[in-house]
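Residue numbers (the working numbering): 2 to 500.
Beneath this line is the structure, given in structure tokens, with notes to follow.
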Ligand SMILES: Cc1cc2nc3c(=O)[nH]c(=O)nc-3n(C[C@H](O)[C@H](O)[C@H](O)COP(=O)(O)OP(=O)(O)OC[C@H]3O[C@@H](n4cnc5c(N)ncnc54)[C@H](O)[C@@H]3O)c2cc1C
């Protein structure tokens with residue numbers, strides 16, 4: 002039997018994982034990538050002797066990597082490191098700071114002054130979110146839906162006890178268990194990881210609290226997140242997979258019935274039997290396939306996750322007061338959350354996240370120095386198109402960080418890089434600079450999310466954030482599993498051992 006050829010468009014984490022699974026199933030795989038380096042949003046910046054993780058800095062559900070390793074019958078080519086404490090939350094009031102532990106005993110101590118009986122309440126909350134997780138994991142999260150009927154009938158299999166969660170927000174659900182605003186705010190920070198806020202994220206996502214605190218915490222990778230990409234690329238190359246960098250797919254060629262080849266910006270044709278698109282599943286359908294359902298105006302009407310504003314700093318001193326992962330909040334959580342999405346809040350008084358990359362990955366900064374990454378979720382380009390104030394915003398965040406940590410960073414910055422939503426859009430083809438792809442409201446989940454199987458071409462598939470099941474690293478891995486199941490079902494497999 003001839004080996005079928007599969008062309009993967011994009012070398013993000015979903016594209017690389019899909020390529021590995023397809024090689025294992027006997028496909029001859031090639032990858033075309035627009036940029037000069039693999040990894041997509043999970044990338045690195047190397048500058049002035051410092052190294053920074055560009056996007057993701059930690060992840061949950063590490064067992065999805067274990068599932069991928071088992072599927073391809075290989076050891077993971079990187080080492081995971083579990084985090085505990087998970088992160089630190091800094092408030093604006095002097096001295097008000099919480100360390101968030103996975104260990105409930107320690108966590109209860111942090112909140113004992115603001116939330117009496119925290120432990121009992123947290124156990125009840127985690128029991129409910131855990132039940133939701135187990136009741137939906139294989140039914141909804143890890144399922145391909147073939148029709149609306151299939152999706153609806155599957156939803157009906159979810160126990161009715163979870164039904165009210167469909168009609169509540171994340172914030173409402175958390176508020177049912179906890180009285181303290183500090184606790185509510187901290188537990189609902191995870192909704193920002195989905196690119197939304199607790200006030201617009203459906204409460205079904207409180208199941209992420211379960212993955213965060215119980216099953217199975219947060220992880221980093223020894224040597225930095227990019228070790229994942231390097232490891233996967235090495236594995237693919239050892240198995241004959243070529244990644245063609247600097248090739249952006251901009252068009253298609255059909256023979257009337259099926260998709261024959263994809264066409265890059267230099268008019269080069271890339272023929273294949275099967276195509277798997279890791280570029281944004283909604284944007285690709287609009288921009289490259291020119292589908293009417295995905296015109297720019299229609300894409301703009303969808304709910305997109307917030308855009309990233311990121312700053313990468315090389316600091317000429319150590320910053321021991323800062324933990325590896327730190328959130329900086331203020332006293333106006335609800336007001337800020339309500340306003341930020343549509344550019345109605347001042348970015349000079351922003352909420353932001355700081356990652357000290359060199360804390361775990363010592364090679365990321367020269368001796369005695371620190372490598373710092375700042376991420377501020379901001380309005381996408383629909384709501385704020387002009388980012389000529391990028392320096393001003395970055396300076397305001399750095400001044401705020403100096404004031405709140407007590408480190409005067411003004412004359413300690415020896416390397417500085419700023420990426421605005423415009424950079425994120427242009428580098429990775431992200432619609433309006435949205436950082437995590439399509440949002441996660443009820444109208445953009447399950448069968449209602451752009452499918453991982455094309456509507457017209459039976460040899461065209463999708464993997465990654467804006468298709469099933471959703472955004473974030475573990476979801477990208479699950480996405481590679483779901484699309485591979487579809488391909489295997491349609492085209493078969495010849496199990497092959499990877500080198
Ligand atoms: C600032 C930031 C911080 C984040 N932090 C976290 C975190 O801490 N934890 C977490 O779990 N998740 C995090 N995420 C989300 C996570 O990065 C993404 O969900 C995940 O990396 C997406 O992977 P992907 O493969 O779907 O897409 P991508 O990484 O976007 O990969 C798609 C690839 O396709 C290429 N491409 C696009 N169009 C074309 C084309 N037409 N032709 C050829 N190539 C093309 C792109 O260049 C890219 O390499 C973060 C995201 C951002 C932006």
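Where a beta carbon is used, it is the ideal one built from N, C-alpha and C, also for glycine.
Sequence-distant partners of residue 319 (beyond 5 residues in either direction) whose C-beta falls short of 8 Å from its own C-beta, in its chain, are 369, 370, 371. Judged by the Cβ position, residue 436 qualifies as a neighbour of ligand 1 at the 7 Å threshold, a heavy atom of the ligand being closer than this. By the Cβ neighbour-count rule, residue 256 is exposed, with fewer than 16 other Cβ atoms within 10 Å of its own. For the pair residue 480 and residue 15, the CB atoms are nearer than the 8 Å cut-off. Its chain contains 42, 43 as the residues whose beta carbon lies nearer than 6 Å to that of residue 56, once the 5 sequence neighbours on both sides are disregarded; these appear in chain order. Taking 8 Å as the cut-off, the Cβ atoms of residue 438 and residue 485 do not count as close. For residue 451, the shortest C-beta to heavy atom distance toward ligand 1 is 7 Å or greater. According to DSSP, residue pairing for residue 252 in a beta bridge involves 264. It is roughly 44 Å from the alpha-carbon of residue 134 to the alpha-carbon of residue 317. Just so you know, the alpha carbons of residue 463 and residue 106 end up roughly 43 Å apart. With fewer than 16 other Cβ atoms inside 10 Å of its own Cβ, residue 246 counts as exposed. Counting along the chain, the unbroken alpha helix (DSSP H) around residue 474 starts and ends at 474–492. In the three-state reduction of the DSSP assignment, residue 31 falls in the strand class, which pools E and B. Looking from the CA of residue 315, the closest CA among 384, 153, 399, 381 belongs to 399. Counted as a single uninterrupted DSSP element, the alpha helix (DSSP H) harbouring residue 399 occupies residues 391–406. Spanning the alpha carbons of residue 104 and residue 33 requires a straight line of approximately 44 Å.
For residue 388, the secondary structure class from DSSP, reduced to helix, strand or coil, is coil.
Ranked by how close their Cα comes to the Cα of residue 491, the residues 26, 13, 75 have 26 in first place.
In the three-state reduction of the DSSP assignment, residue 13 falls in the strand class.
Judged by DSSP secondary structure, residue 132 falls within the alpha helix (DSSP H) whose first and last residues are 119–137. In the DSSP assignment, residue 322 falls outside any beta strand (DSSP E) and carries neither an H nor an E. A direct Cα-to-Cα measurement between residue 291 and residue 264 gives close to 14 Å. In this structure residue 352 is not in contact with residue 383, their Cβ atoms being roughly 20 Å apart against a cut-off of 8 Å. The closest CA to that of residue 227, considering only 51, 45, 88, 22, is found on 45. If only complete runs of 4 or more residues are kept, the segment 166–226 shows the alpha helix (DSSP H) at 171–178, 182–188, 191–194, 208–214, in order along the chain.
In this structure, residue 272 sits away from residue 468, with a CB-CB distance that is not shorter than 8 Å.
Under the DSSP definition of a beta bridge, residue 416 partners with 315.
The alpha-carbon separation between residue 496 and residue 381 amounts to approximately 43 Å. In the displayed model, residue 59 falls within coil according to three-state DSSP, outside both helix and strand. Remark: the shortest separation between the CB of residue 380 and any heavy atom of ligand 1 does not fall under 7 Å. Residue 118 counts as exposed, since fewer than 16 other beta carbons sit within 10 angstroms of its beta carbon. Taking 8 Å as the upper bound for CB-CB distance, residue 161 and residue 207 are not in contact here, some 17 Å apart.
Closest in alpha carbon position to residue 212, among 170, 130, 171, is 130. Counting along the chain, residue 51 sits inside the beta strand (DSSP E) bounded by residues 51–54. In its chain, beyond the 5 residues on either side, 50 have a beta carbon closer than 6 Å to the beta carbon of residue 367. In the DSSP secondary-structure assignment, residue 271 is bridged to 263.
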